[in-house]
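Quick mapping for you: the protein sequence lines, in order, are chains Y and P.
Here the first sequence is numbered in the numbering used here, starting from 1 and rising by one per residue.
Here the second sequence is numbered in the numbering used here, starting from 353 and rising by one per residue.
C-beta: ideal position from N, C-alpha, C; glycine also.
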Amino acid sequence: MLDATPRKKLVEVRDLKMHFPIFAGILRRRVGEVKAVDGVTFDIYEGETLGLVGESGCGKSTCGRAVLRLYEVTEGSITIDGTDIADWSPEELRKMRPTMQMVFQDPQASLNPRMTVANIIGEPLDEHRALSKKERLDRIYELMDHVGLNRDFANRYPHEFSGGQRQRIGIARALALNPKFIVCDEPIAALDVSIQAQVVNLLEDLQNEFGLTYLFISHDLSMVRHIATRVAVMYLGKIAELAPREALYDEPLHPYTQALLSAVPEPDPALEAKTERIILKGDVPSPSNPPRGCNFCTRCPQVMDVCREVDPEFREVRPGRYVACHLYADTKSAAAPNAARSTRQPSEPLRE
Amino acid sequence: MPDGAAPVLDVRDLKTVFLTRSGEVHAVNSVSFDVRPGELLGVVGESGSGKSVTMMSLIGLLPSPPAEVREGQVLFGGRDLLSVDADTLRHIRGGRIGFVFQDPMTSLNPVFNVGFQIMEPLRTHMGLGKKAARDRAVELLELVGIPDARRRLGDYPHQFSGGMRQRVMIAIALACDPEVLIADEPTTALDVTIQAQILELVKELREKLGMAIVWITHDLGVIAGIADRVMVMYGGQVVEQAPVRELFGNPRHPYTRALLKTVPHVRGERAKRLEVIQGQPPILGAPPDACPFRDRCDHAFDRCARENPQRRPVGHGHDVACFWDPAHDG
């Protein structure tokens, strides 16, 4: 896409942690914490789509919300368009909101059932822009055109629309303030197969038209392969692997990515009969009590002794390819030259 | 696939209607299908296509009102399940026909331990004593791959993970050696790595136990991996039915063809742009007198609006409900 010009980083996330406290007992004493996001580092370049994949509970949605500062983050820095917003107050953040928006998973739950479509799409305009009545309505119509909604439906309520159309309303609302960066949190998960493609194509068209940058969160590995420029795979609060799309799908490096990709069933019986599945044993450990060493060591088919002791560092093992795995521990040569310029920290002190 | 064997379950012309305040909803329209012993029939369709309602109707699990099974026959073990009394039906359900539902959390009872829930059908349907039922329950949990089975009998559903709960559900469904297992989106709520575990388990169990399975899903990938035969539903009707390789290799109905094109792949070629099926699924307010897919179909012509196409055989055990012939205009 933008290969000739040096690409600009729009979003830089460094060692982001989002821990939720657990309270127990009659005194509601803090007894521990759920490490939903536990030290993730990634960049998103302008105009690209970073796919964030993982299974339920891996922290991908929390990560997306934390990046937009919908939470008070525990630790780390989030730089969007040159400014670090990790410690900003809600009041300061309000000024930043127009540049960064979100599309939610469940269009049923994220649209107010008592508001008309026009008012839902117009609400961000009321909050952040001082428009005349006519300007406001023109802008609403324009947005409805962009997402393929019939203008005549502007005064209808969300329940009168199908799931796919509701998602279009949510997208129009996200676009209202001309954002640069949109977090799409499972935007198609609640939709039927035949409707998913409509919404994904719309997101792609809007990206091309307005130069949008997406963080596309999904558990659907096939759809992420379709839409993403680069892909990050999360497991139990950490990024296991981050790579350009082709590289990741053609040759996954992390054993978890390998297992995850091999588990996706293909709609082709001949291919299915040939596919060698890596069947992972057991379940994901609890994020309130992650295993010592590598997060994946309890289920990894290639686990070594060191994995149960030392948390592997998330580092660049080939140009543009980042992996947190001891199997790639000796490929230092590729990572060393980058160590100086990168602000990347050794992922974390050893856990006791 | 035992081709010659007589079907163990034979459904003919099933029609189910919901009576709602805003009128009738014709959820299932003349659905016919059969399954043979040892066969896995995949049922594919989107939400609202009538696939779950069909399965619920045939074993009397739909609340009436609002549901009403208007017409049809469900032949099982020499009897029509739609005309047997409630007692007989209850013995068949859970005894000779097992069920697995989508969400294992809502279909297990949170206040009883799983041991009780597995032993319940064994004691009511098979008349086993406490001791025998307990032993059989342990055997079943081991069969579905739950480690430390005897100790886990005393655990409650919330102490199991999603994948483990679905294994418990499968154990309950298998408790009385059913002749038919109906699985309604059993892996949809699970993660892909856990789904892979369950699919592997079902393949194994089918070989071991030889029962017929009806597997409902919206995921074409899952179907491709486990089904012998596939039935595609749309708008409350069966629009196409064929052996799995035939269906994926030579789809005839425009809906099946479009559906296969619209899903992205995780391996092989990556499409630049996704093919789209325009429009929305139909609202089933009246008995269909036209093809339910015509508004979204690229090949629709005037006849499609006048008549509802009937399923017609096209060879290789394949039938399709469509007037259009792909041989004529590619």
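Is residue i close to chain Y, meaning its C-beta is less than 9 Å from at least one C-beta of that chain?
{"i": "CYS525 of chain P", "result": "It should be pointed out that residue 525 of chain P corresponds to Ala in this sequence rather than to Cys. Not one chain Y Cβ lies under 9 Å of ALA525 of chain P."}
{"i": "VAL618 of chain P", "result": "yes"}
{"i": "CYS674 of chain P", "result": "no"}
{"i": "GLN593 of chain P", "result": "no"}
{"i": "MET585 of chain P", "result": "no"}
{"i": "GLU391 of chain P", "result": "no"}
{"i": "GLN630 of chain P", "result": "yes"}
{"i": "ILE546 of chain P", "result": "yes"}
{"i": "VAL574 of chain P", "result": "yes"}
{"i": "ARG622 of chain P", "result": "yes"}
{"i": "ASP529 of chain P", "result": "no"}
Mapping the DSSP letters down to three states, classify residue i as helix, strand or coil.
{"i": "GLU266 of chain Y", "result": "coil"}
{"i": "HIS477 of chain P", "result": "helix"}
{"i": "ASP38 of chain Y", "result": "strand"}
{"i": "CYS294 of chain Y", "result": "coil"}
{"i": "GLU142 of chain Y", "result": "helix"}
{"i": "SER416 of chain P", "result": "coil"}
{"i": "PRO21 of chain Y", "result": "strand"}
{"i": "ARG14 of chain Y", "result": "strand"}
{"i": "ALA339 of chain Y", "result": "Low local confidence applies: a pLDDT of 39 at ALA339 of chain Y is under 50, so the model's placement there is unreliable, and no value is given."}
{"i": "ALA673 of chain P", "result": "coil"}
{"i": "GLN425 of chain P", "result": "strand"}
{"i": "HIS443 of chain P", "result": "helix"}
{"i": "GLU244 of chain Y", "result": "In the sequence as presented, Glu is not what sits at residue 244 of chain Y; that position holds Pro. If DSSP states are grouped into helix, strand and coil, PRO244 of chain Y belongs with the strands."}
{"i": "VAL496 of chain P", "result": "coil"}
{"i": "ILE629 of chain P", "result": "coil"}
{"i": "PHE385 of chain P", "result": "strand"}
{"i": "GLU692 of chain P", "result": "Nothing in the structure corresponds to residue 692 of chain P, since chain P is present only between 353 and 682."}
{"i": "PRO665 of chain P", "result": "strand"}
{"i": "LEU125 of chain Y", "result": "helix"}
{"i": "ARG30 of chain Y", "result": "strand"}
{"i": "ASP654 of chain P", "result": "helix"}
{"i": "ASP365 of chain P", "result": "strand"}
{"i": "THR49 of chain Y", "result": "strand"}
{"i": "VAL284 of chain Y", "result": "coil"}
{"i": "LEU260 of chain Y", "result": "helix"}
{"i": "ARG691 of chain P", "result": "Outside the displayed span of chain P (353 to 682) sits residue 691 of chain P, for which this structure offers no information."}
Checking the sheet assignment: what are the DSSP bridge partners for residue i?
{"i": "ALA535 of chain P", "result": "P:VAL452, P:TRP567"}
{"i": "ARG318 of chain Y", "result": "Y:ARG321"}
{"i": "CYS184 of chain Y", "result": "Y:VAL103, Y:PHE216"}
{"i": "THR458 of chain P", "result": "Beta-bridge pairing links THR458 of chain P to no other residue."}
{"i": "ALA377 of chain P", "result": "The sequence shown places Val at residue 377 of chain P, rather than the Ala named in the question. Paired residues: P:PHE370."}
{"i": "ILE44 of chain Y", "result": "Y:VAL11"}
{"i": "LYS238 of chain Y", "result": "Y:TYR235"}
{"i": "ARG173 of chain Y", "result": "Answer by DSSP bridge pairing: none, since ARG173 of chain Y is not bridged."}
Does the separation of the CB atoms of residue i and residue j fall below 9 Å?
{"i": "VAL683 of chain P", "j": "VAL264 of chain Y", "result": "The question about residue 683 of chain P has no answer here: the residues shown for chain P are numbered 353 through 682."}
{"i": "VAL193 of chain Y", "j": "HIS570 of chain P", "result": "yes"}
{"i": "TYR256 of chain Y", "j": "ARG619 of chain P", "result": "no"}
{"i": "VAL396 of chain P", "j": "VAL520 of chain P", "result": "no"}
{"i": "PRO287 of chain Y", "j": "GLY39 of chain Y", "result": "no"}
{"i": "GLY394 of chain P", "j": "TRP567 of chain P", "result": "yes"}
{"i": "VAL147 of chain Y", "j": "LEU125 of chain Y", "result": "no"}
{"i": "ILE182 of chain Y", "j": "MET102 of chain Y", "result": "yes"}
{"i": "HIS668 of chain P", "j": "PRO595 of chain P", "result": "yes"}
{"i": "ALA197 of chain Y", "j": "THR614 of chain P", "result": "yes"}
{"i": "LEU242 of chain Y", "j": "PRO252 of chain Y", "result": "no"}
{"i": "ASN381 of chain P", "j": "PRO634 of chain P", "result": "no"}
{"i": "THR377 of chain P", "j": "LEU636 of chain P", "result": "Checking the displayed sequence, the identity of residue 377 of chain P turns out to be Val instead of Thr. Against a cut-off of 9 Å, the Cβ pair of LEU636 of chain P and VAL377 of chain P comes out as a contact."}
{"i": "ASP671 of chain P", "j": "ARG658 of chain P", "result": "no"}
Is there at least one Cβ from chain P nearer than 9 Å to residue i's Cβ?
{"i": "ARG97 of chain Y", "result": "no"}
{"i": "ALA197 of chain Y", "result": "yes"}
{"i": "ARG166 of chain Y", "result": "no"}
{"i": "ARG230 of chain Y", "result": "no"}
{"i": "LEU260 of chain Y", "result": "yes"}
{"i": "VAL73 of chain Y", "result": "no"}
{"i": "ILE182 of chain Y", "result": "no"}
{"i": "GLU309 of chain Y", "result": "no"}
{"i": "PRO124 of chain Y", "result": "no"}
{"i": "ALA335 of chain Y", "result": "Note that ALA335 of chain Y scores a pLDDT of 41, beneath 50, so its modelled location is shaky; the value from the coordinates is reported in the next line. No, its Cβ sits nowhere closer than 9 Å to a Cβ of chain P."}
{"i": "SER162 of chain Y", "result": "yes"}
Any heavy atom of the ligand NAD closer than 8 Å to the beta-carbon of residue i?
{"i": "LEU93 of chain Y", "result": "Here there are no bound small molecules, and the ligand NAD is not part of this structure."}
Any beta-carbon of chain A closer than 9 Å to the one on residue i?
{"i": "LEU626 of chain P", "result": "Protein chains in the displayed structure are Y and P, and chain A is not among them."}
For this session: Would you list, in sequence order, the uninterrupted alpha helix (DSSP H) runs of no fewer than 4 residues that lie entirely inside the segment 56-114 of chain Y?
Result: Qualifying alpha helix (DSSP H) stretches, in chain order: 60-67, 90-96, 107-110.
Problem set entry | alpha helix (DSSP H) runs contained entirely in the segment 572-617 of chain P, provided each spans 4 or more residues | For the segment 572-617 of chain P, the continuous alpha helix (DSSP H) assignments of 4+ residues that do not extend past its boundaries occur at 572-578, 596-601, 606-614, in sequence order.
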